[in-house]
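Have a look at the structure below before the remarks.
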Amino acid sequence: MPSRPIPTQREVILPADSFIVSKTDPRGRITYANRVFMSISGYLEPELLGEPQSIVRHPDMPRGVFKLLWDTIRTGDECFAYVKNLCKSGDYYWVLANVTADRDANGGITGYYSVRRKPSAEAVKFVAGLYRDMCAIEAGSTANQAPAASLEHLNRLIADRGMTYETFILSL
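Sequential numbering from 1 applies to the sequence shown in full-length UniProt numbering.
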(Lines of atoms letter the chains of each structure in order from A; the text may use other names.)
(Lines give C-alpha, C1' and ligand atoms only; values in the text may rest on other atoms or scores of the structure.)
Protein backbone atom coordinates (compact mmCIF):
# COMPACT_ATOMS: atom_id res chain seq x y z
CA MET A 1 0.00 0.00 0.00
CA PRO A 2 1.31 3.50 -0.75
CA SER A 3 2.53 5.68 2.10
CA ARG A 4 -0.25 7.37 4.08
CA PRO A 5 -0.98 11.01 3.27
CA ILE A 6 -0.49 13.56 6.03
CA PRO A 7 -3.96 14.83 7.02
CA THR A 8 -4.77 18.48 6.38
CA GLN A 9 -7.68 20.44 7.81
CA ARG A 10 -9.21 21.00 4.36
CA GLU A 11 -12.57 19.41 3.70
CA VAL A 12 -13.70 18.30 0.26
CA ILE A 13 -17.49 18.41 -0.03
CA LEU A 14 -19.18 15.62 -1.93
CA PRO A 15 -21.89 17.17 -4.14
CA ALA A 16 -25.41 16.23 -3.02
CA ASP A 17 -26.19 14.65 -6.39
CA SER A 18 -23.02 12.52 -6.50
CA PHE A 19 -22.56 8.98 -5.26
CA ILE A 20 -19.25 7.26 -4.55
CA VAL A 21 -19.45 3.61 -5.58
CA SER A 22 -16.93 0.85 -5.04
CA LYS A 23 -16.79 -2.91 -4.94
CA THR A 24 -14.33 -5.04 -3.00
CA ASP A 25 -13.40 -8.67 -2.72
CA PRO A 26 -14.29 -10.50 0.54
CA ARG A 27 -11.09 -9.19 2.19
CA GLY A 28 -11.91 -5.56 1.39
CA ARG A 29 -9.56 -5.08 -1.57
CA ILE A 30 -10.98 -2.70 -4.16
CA THR A 31 -12.09 -4.32 -7.43
CA TYR A 32 -14.10 -1.37 -8.80
CA ALA A 33 -14.16 2.39 -8.17
CA ASN A 34 -16.41 4.83 -9.99
CA ARG A 35 -15.22 8.17 -11.36
CA VAL A 36 -16.73 10.09 -8.44
CA PHE A 37 -14.63 8.02 -6.00
CA MET A 38 -11.50 8.75 -8.01
CA SER A 39 -12.32 12.45 -8.36
CA ILE A 40 -13.09 13.03 -4.66
CA SER A 41 -10.27 10.86 -3.26
CA GLY A 42 -7.66 12.05 -5.76
CA TYR A 43 -6.55 8.51 -6.58
CA LEU A 44 -6.34 7.13 -10.11
CA GLU A 45 -7.92 3.77 -10.89
CA PRO A 46 -4.57 1.88 -10.96
CA GLU A 47 -3.76 3.32 -7.51
CA LEU A 48 -7.04 2.02 -6.07
CA LEU A 49 -7.55 -1.38 -7.67
CA GLY A 50 -6.18 -4.18 -5.52
CA GLU A 51 -5.68 -1.87 -2.54
CA PRO A 52 -7.66 -2.29 0.68
CA GLN A 53 -10.63 0.05 1.06
CA SER A 54 -8.72 1.39 4.08
CA ILE A 55 -6.48 3.30 1.64
CA VAL A 56 -8.88 6.20 2.31
CA ARG A 57 -9.26 5.62 6.07
CA HIS A 58 -8.78 8.84 8.02
CA PRO A 59 -6.93 8.58 11.37
CA ASP A 60 -9.86 10.38 13.05
CA MET A 61 -12.02 7.30 12.48
CA PRO A 62 -12.45 5.02 15.51
CA ARG A 63 -11.57 1.40 14.90
CA GLY A 64 -14.77 0.42 16.71
CA VAL A 65 -16.85 1.73 13.80
CA PHE A 66 -15.00 -0.55 11.39
CA LYS A 67 -15.37 -3.48 13.79
CA LEU A 68 -19.12 -2.89 13.77
CA LEU A 69 -19.17 -2.55 9.98
CA TRP A 70 -17.18 -5.73 9.33
CA ASP A 71 -19.04 -7.74 11.99
CA THR A 72 -22.30 -6.70 10.31
CA ILE A 73 -21.47 -7.22 6.64
CA ARG A 74 -19.68 -10.54 7.18
CA THR A 75 -23.04 -11.96 8.30
CA GLY A 76 -24.58 -10.75 5.04
CA ASP A 77 -26.48 -7.85 6.62
CA GLU A 78 -26.19 -4.33 5.23
CA CYS A 79 -24.55 -1.60 7.27
CA PHE A 80 -24.88 2.17 7.26
CA ALA A 81 -22.08 4.26 8.74
CA TYR A 82 -20.82 7.82 8.73
CA VAL A 83 -17.20 7.78 7.63
CA LYS A 84 -14.51 10.43 7.47
CA ASN A 85 -12.20 9.55 4.59
CA LEU A 86 -8.70 10.72 3.69
CA CYS A 87 -7.89 11.99 0.20
CA LYS A 88 -4.56 11.32 -1.47
CA SER A 89 -3.77 15.02 -0.91
CA GLY A 90 -4.38 14.73 2.85
CA ASP A 91 -7.70 16.55 2.61
CA TYR A 92 -10.79 14.79 3.97
CA TYR A 93 -14.40 14.14 3.06
CA TRP A 94 -17.39 12.81 5.00
CA VAL A 95 -19.83 10.26 3.64
CA LEU A 96 -22.85 8.27 4.72
CA ALA A 97 -21.92 4.79 3.53
CA ASN A 98 -24.23 1.89 2.78
CA VAL A 99 -22.33 -1.39 2.48
CA THR A 100 -23.96 -4.60 1.29
CA ALA A 101 -22.75 -8.08 0.46
CA ASP A 102 -22.32 -9.12 -3.17
CA ARG A 103 -23.40 -12.75 -3.53
CA ASP A 104 -22.91 -15.58 -6.00
CA ALA A 105 -25.74 -17.77 -7.33
CA ASN A 106 -25.54 -19.98 -4.22
CA GLY A 107 -25.79 -17.04 -1.82
CA GLY A 108 -22.11 -17.03 -0.87
CA ILE A 109 -20.48 -13.68 -0.25
CA THR A 110 -18.14 -12.81 -3.13
CA GLY A 111 -17.38 -9.27 -2.03
CA TYR A 112 -18.98 -6.05 -0.92
CA TYR A 113 -20.68 -3.17 -2.67
CA SER A 114 -20.57 0.30 -1.13
CA VAL A 115 -22.54 3.39 -2.09
CA ARG A 116 -21.61 6.61 -0.31
CA ARG A 117 -23.44 9.91 -0.35
CA LYS A 118 -23.15 13.37 1.15
CA PRO A 119 -24.25 13.38 4.80
CA SER A 120 -26.11 16.25 6.43
CA ALA A 121 -24.01 18.90 8.19
CA GLU A 122 -25.93 18.26 11.42
CA ALA A 123 -25.14 14.54 11.30
CA VAL A 124 -21.44 15.21 10.65
CA LYS A 125 -21.27 17.63 13.58
CA PHE A 126 -22.79 15.07 15.95
CA VAL A 127 -20.81 12.10 14.61
CA ALA A 128 -17.50 14.00 14.65
CA GLY A 129 -17.91 14.58 18.40
CA LEU A 130 -18.96 10.99 19.00
CA TYR A 131 -15.97 9.70 17.02
CA ARG A 132 -13.60 11.96 19.01
CA ASP A 133 -14.94 10.36 22.20
CA MET A 134 -14.56 6.88 20.73
CA CYS A 135 -10.98 7.61 19.61
CA ALA A 136 -10.16 8.86 23.12
CA ILE A 137 -11.49 5.60 24.56
CA GLU A 138 -9.37 3.66 22.08
CA ALA A 139 -6.28 5.69 22.99
CA GLY A 140 -6.78 4.68 26.63
CA SER A 141 -7.16 0.99 25.79
CA THR A 142 -4.76 -1.70 24.67
CA ALA A 143 -4.52 -2.16 20.90
CA ASN A 144 -6.46 -5.43 21.06
CA GLN A 145 -9.20 -4.03 23.30
CA ALA A 146 -9.56 -0.61 21.64
CA PRO A 147 -12.17 -1.42 18.95
CA ALA A 148 -14.42 -3.31 21.38
CA ALA A 149 -14.06 -0.61 24.04
CA SER A 150 -15.11 2.22 21.75
CA LEU A 151 -17.89 0.11 20.23
CA GLU A 152 -19.20 -0.55 23.75
CA HIS A 153 -19.41 3.24 24.24
CA LEU A 154 -21.39 3.59 21.00
CA ASN A 155 -23.71 0.71 21.93
CA ARG A 156 -24.41 2.26 25.36
CA LEU A 157 -25.26 5.60 23.75
CA ILE A 158 -27.67 3.89 21.36
CA ALA A 159 -29.23 1.75 24.11
CA ASP A 160 -29.75 4.86 26.26
CA ARG A 161 -31.81 6.27 23.40
CA GLY A 162 -33.83 3.05 23.10
CA MET A 163 -32.76 2.53 19.49
CA THR A 164 -31.08 -0.03 17.30
CA TYR A 165 -27.85 0.93 15.54
CA GLU A 166 -29.55 1.25 12.15
CA THR A 167 -32.40 3.36 13.55
CA PHE A 168 -29.89 5.57 15.33
CA ILE A 169 -27.68 6.13 12.27
CA LEU A 170 -30.61 6.80 9.96
CA SER A 171 -32.14 9.24 12.47
CA LEU A 172 -29.15 11.59 12.31
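The beta carbon of each residue, even a glycine, is placed where N, CA and C say it ideally should be.
Per-residue DSSP class, three states only, for residue i
i	result
A17	Contrary to the premise, residue 17 reads as Asp rather than Ala in this sequence. Of the three classes helix, strand and coil, the one that applies to D17 here is coil, per DSSP.
P147	helix
K84	strand
E11	strand
R35	helix
Y43	coil
R132	helix
R57	strand
R4	coil
R116	strand
Beta-ladder partner(s) of residue i, from DSSP
i	result
I30	T24
D102	G111
Y93	N85
R74	Partner(s): none; R74 has no beta bridge.
Spatial distance of residue i from residue j (CA atoms)
i	j	result
M6	H58	Looking at the sequence provided, one finds Ile at residue 6 rather than Met. Those two C-alpha atoms are separated by around 10 Å.
R103	V36	24 Å
G52	V12	Per the sequence shown, the amino acid found at residue 52 is Pro instead of Gly. Taking the straight line joining both Cα atoms gives about 21 Å.
I158	S22	29 Å
N34	G50	14 Å
V56	S18	18 Å
I109	R29	14 Å
L96	A136	22 Å
Chain-order list of residues whose beta-carbon lies under 7 Å from that of residue i (same chain, five-residue window excluded)
i	result
D25	T31, G111
F168	I158, R161
N101	Checking the sequence, you will find Ala at residue 101 rather than Asn. Excluding sequence neighbours, A101 sits near I73, G76, I109, Y112.
Proximal residues to residue i (C-beta, below 6 Å), its chain only, five neighbours per side dropped
i	result
C79	L69, T72, I73, V99
S141	A149
8 Å CB neighbourhood of residue i in its chain, flanking five on each side removed
i	result
L44	M38
E138	P62, R63, G64, A146, P147, A149, S150
R27	P52
R132	D60
Three or more C-beta pairs under 8 Å: does that hold for the segment 61-79 against the segment 147-160?
Result yes; three or more Cβ-Cβ pairs closer than 8 Å.
task = Decide if the segment 77-88 is in contact with the segment 28-46; the criterion is three or more beta carbon pairs, one per stretch, under 8 Å apart.
result = With the cut-off at 8 Å, the segment 77-88 and the segment 28-46 touch.
query = Taking contact to mean at least 3 C-beta pairs separated by less than 8 Å, is the segment 123-130 in contact with the segment 71-79?
reply = Touching, no, given that fewer than three Cβ pairs across the two stretches are closer than 8 Å.
Stretch-stretch touch, CB-based, cutoff 8 Å, three pairs: the segment 127-142 with the segment 105-116: Counting Cβ pairs under 8 Å, fewer than three are found: no touch.
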